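Report on one structure; see the data block that follows.
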């Protein structure tokens, strides 16, 4: 499904939420996680998505997404008796794949805060009781994460000098 189809489906929930089956609710919960995962790269184009080592967070507070994603997954998949761990693993694989694609992007405005968004992926794993660094490294190269930390800290030093 496209982003538009997912959003449309979610917006229409209010009109038939009482008539929706548990299976449909579960599918919608899964689609919500897919939508969030594939939308993460759009954060890289936002000027305010820059990571600030001084505050140990992003200027637009996207670091809060790390906790939110884990909490929402826990809530959605506890209610629907799905495996939280399996759904978060799928989320991590999709998010990693989506973020790796912006590594190939040549447009500077699209990728201006790519490294800062890479750090968000690391934060999601750190916040999760279900995800591990080994799992992250299996779908997102550690060298990109290390380079991202180096880049944001280097940028912080040069901008404060």
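Numbering (our numbering), first residue to last: 33 to 193.
Where a beta carbon is used, it is the ideal one built from N, C-alpha and C, also for glycine.
These numbers were taken from a predicted model, which means no experiment stands behind them.
Alpha-carbon spacing of residue i relative to residue j, whole angstroms
i, j, result
"residue 126", "residue 82", "22 Å"
"residue 188", "residue 182", "10 Å"
"residue 176", "residue 51", "46 Å"
"residue 113", "residue 185", "41 Å"
"residue 178", "residue 53", "44 Å"
"residue 137", "residue 61", "30 Å"
According to DSSP, residues forming a beta bridge with residue i
i, result
"residue 84", "89"
Buried or exposed by the 16-neighbour rule on C-beta atoms within 10 Å, applied to residue i
i, result
"residue 147", "buried"
"residue 107", "exposed"
"residue 86", "exposed"
"residue 102", "buried"
"residue 160", "buried"
"residue 157", "buried"
"residue 111", "exposed"
"residue 66", "buried"
Other residues of its chain near residue i: CB distance less than 6 Å, five sequence neighbours each side excluded
i, result
"residue 2", "Any answer about residue 2 is impossible in this case: the structure gives the chain only from 33 up to 193."
"residue 195", "An answer regarding residue 195 cannot be provided, because it is not within the stretch 33 to 193 covered by the chain."
Sequence-distant residues of its chain with Cβ nearer than 7 Å to residue i (five each side left out)
i, result
"residue 69", "123, 126, 127, 130"
"residue 97", "152"
Where the alpha helix (DSSP H) containing residue i begins and where it ends
i, result
"residue 140", "Unbroken run through residue 140: none, as it is neither H nor E."
"residue 102", "96-111"
"residue 134", "116-134"
"residue 67", "54-71"
Chain C contact for residue i (CB, 8 Å cutoff)
i, result
"residue 133", "Although the question refers to chain C, the structure presented lacks it and comprises just one protein chain."
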